[in-house]
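For reference, the structure discussed in these notes is given below.
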DNA sequence: GCGACTATTTTTGTATACATTTTTATTTTG
DNA sequence: CAAAATAAAAATGTATACAAAAATAGTCGC
């Protein structure tokens with residue numbers, strides 16, 4: 001597996017020290033590669049929001065914060081609905097079937113958080129790609145990737161998993177029945193609800 | 001100057017080949033540094049949208065496209081207004097003065113396009129920082145940085161410079177007079193107009 | 001004992017060298 | 001002659017070694 005992917009997993013599972021800057025040599029030792037691929041990984045992870053620069057030298061794992069969660073879900077609510085709206089008329093039966101296939105894989109219990117995050121994104125992506133909007137797509141993808149860090153709360157303490165799956169299926173049916181404004185609104189609610197649930201939880205932590 | 005900054009300048013001024021993948025050794029030769037800092041720069045530039053990966057090996061300078069411009073300005077219209085709205089009540093006189101100072105520097109003729117882009121962003125940033133929303137701020141910053149590639153059209157063929165400056169000053173006055181909804185609407189129009197102008201131009205190129 | 005300055009150590013940045021992968025050109029075979 | 005297989009090249013990925021910068025510890029003067 002790619003080094004940056006392994007680092008992501010380790011950040012999610014709190015296997016990397018928080019609050020102190022990560023040192024390239026340490027990482028180099030623990031992952032058994034030289035500093036060059038570590039540097040590459042750190043640069044990419046910083047760009048994706050998994051790490052933040054800490055002063056002049058060194059990167060840190062940023063603390064989870066309700067403000068970040070709220071921002072991510074606010075942006076998703078705006079941009080993802082925009083993208084979906086642009087995609088709607090071009091969505092093919094095959095796209096819906098592809099998305100349905102992914103929900104089945106999401107029903108399994110024994111998949112890691114990053115995999116779950118990846119599948120969740122791929123589910124949405126299957127329905128957005130018809131928009132043919134690379135730039136908007138890329139930003140929305142970035143937001144979904146960032147949200148992965150918060151998925152642990154939603155699928156853990158908040159028990160959001162079943163509800164999310166249920167909503168996904170209902171949404172697919174609505175799309176299938178060609179109800180555009182309904183589907184867009186549904187997506188908006190889906191995102192806003194998830195965001196509100198998460199944000200409130202984080203605020204009262 | 002930093003290598004990645006120099007590459008940005010060279011992309012803007014068409015000093016780098018378009019349509020063919022950039023080779024690390026070539027860049028290494030032309031910029032007089034080894035491949036390592038080139039790799040670092042390419043990774044960062046790719047994350048910022050200045051480059052796209054081209055198949056398995058090599059990165060390319062993406063063509064300018066009206067769809068990208070439209071997406072960027074659509075997103076800016078949504079997110080930047082959101083951010084500004086959050087900032088508004090916290091904006092201090094000092095922030096407005098800072099922004100005003102930047103408009104004066106933007107009035108000069110002899111500054112490069114990247115500098116102009118940088119200043120333009122710093123102008124807006126001065127008014128957004130009061131929102132204290134790091135995540136949203138970072139995304140909006142990314143969009144503004146991406147938009148720099150299209151600035152050449154706005155300040156060149158479209159002659160947008162004078163109008164933009166004029167709007168900036170009017171906007172500052174409106175903010176100063178504590179007219180919140182008016183200021184937010186004004187910003188929205190400012191962005192939508194600039195986007196429409198640019199997009200139409202690119203479509204008919 | 002406290003603060004400024006200096007020396008040491010740690011850490012990141014960069015260059016060079018090598019390994020691996022990918023692409024291109026060549027050859028072989030039907 | 002065309003297509004597949006193979007050999008050569010060119011390119012990226014990675015490791016090691018060194019240089020520069022930053023952080024830390026220690027020392028000196030007051």
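Chains as they are written, first to last, in full-length UniProt numbering: chain A, 1 to 205; chain B, 1 to 205.
Even glycine gets a Cβ: it sits at the ideal position worked out from N, Cα and C.
(request) Mind the definition here: the region 48 to 62 of chain B touches the region 19 to 34 of chain B only if three or more C-beta pairs lie below 8 Å; say whether that holds. (result) Three or more beta-carbon pairs separated by less than 8 Å link the region 48 to 62 of chain B to the region 19 to 34 of chain B, which places the two stretches in contact.
(message) For residue 25 of chain B, count the other beta carbons within 10 Å of its own beta carbon; 16 or more makes it buried, fewer makes it exposed. Which is it?
(response) Answer is exposed; the Cβ neighbour count stays below 16.
(request) Rounded to whole angstroms, what's the CA-CA distance from residue 75 of chain B to residue 144 of chain B? Just pull it up for me. (result) Between the C-alpha atoms of residue 75 of chain B and residue 144 of chain B there is a straight-line separation of about 10 Å.
(message) Residues of chain B with CB closer than 9 Å to the CB of residue 78 of chain A, please, in chain order.
(response) For residue 78 of chain A, the residues of chain B that pass the 9 Å Cβ criterion are 75, 78, 79 and 82, in the order they occur in the chain.
(message) Under 8 Å, CB to CB, which of the residues in the region 58 to 74 of chain A have a partner in chain B?
(response) Sequence-ordered contacts of the region 58 to 74 of chain A with chain B read 67, 68, 71, 72 and 74 [C-beta pairs closer than 8 Å].
(request) Return no unless some Cβ of chain A is closer than 7 Å to the Cβ of residue 135 of chain B. (result) Nearest CB-CB separation between residue 135 of chain B and chain A: below the 7 Å threshold.
(request) Would you kindly report the start and end of the unbroken alpha helix (DSSP H) that includes residue 47 of chain B? (result) It spans 35 to 47 - the alpha helix (DSSP H) in which residue 47 of chain B sits, taken as one unbroken run.
(message) Taking 7 Å as the threshold (beta carbon to beta carbon), is residue 47 of chain B in contact with chain A?
(response) The Cβ of residue 47 of chain B sits closer than 7 Å to at least one Cβ of chain A.
(request) Establish whether the CB of residue 43 of chain B and some CB of chain A are separated by less than 7 Å. (result) True, the Cβ-Cβ gap to chain A drops below 7 Å.
(message) So, with DSSP's three-state summary, where would you put residue 60 of chain B?
(response) Three-state result, residue 60 of chain B: strand.
(message) So for residue 20 of chain A, helix, strand or coil by DSSP?
(response) Here residue 20 of chain A sits in coil by DSSP.
(request) Label residue 13 of chain A either buried or exposed according to how many other C-beta atoms from any shown protein chain fall within 10 Å of its C-beta, with 16 as the threshold for buried. (result) Exposed.
(request) Count the other CB atoms, across all protein chains shown, that sit within 10 Å of the CB of residue 133 of chain B; report buried if there are 16 or more and exposed otherwise. (result) Under this definition residue 133 of chain B is a buried residue.
(message) Can you confirm whether the region 186 to 195 of chain A touches the region 76 to 88 of chain A when touching is taken to mean that 3 or more C-beta pairs between the two stretches lie within less than 8 Å?
(response) Under the Cβ criterion (8 Å, minimum of three pairs), the region 76 to 88 of chain A counts as touching the region 186 to 195 of chain A.
(message) From the DSSP secondary-structure annotation, give me the bridge partner or partners of residue 52 of chain A.
(response) Paired residues: A:60.
(message) Below 8 Å on the Cβ atoms is my contact criterion, and I expect residue 70 of chain B with residue 146 of chain B to pass it. Report the Cβ-Cβ distance as a whole number of Å.
(response) In fact, because the Cβ distance is near 12 Å, the residues do not count as touching under 8 Å.
(message) Suppose the cutoff is 8 Å on Cβ atoms and the five residues either side in sequence are ignored; what does the same chain contact list for residue 175 of chain A look like?
(response) The beta carbon of residue 175 of chain A is closer than 8 Å to those of 88, 91, 96, 127 and 183 in its chain, skipping five residues each way along the sequence.
(request) Check whether the Cβ atoms of residue 198 of chain B and residue 140 of chain B lie closer than 7 Å to each other. (result) No, these two residues do not count as a Cβ contact at 7 Å.
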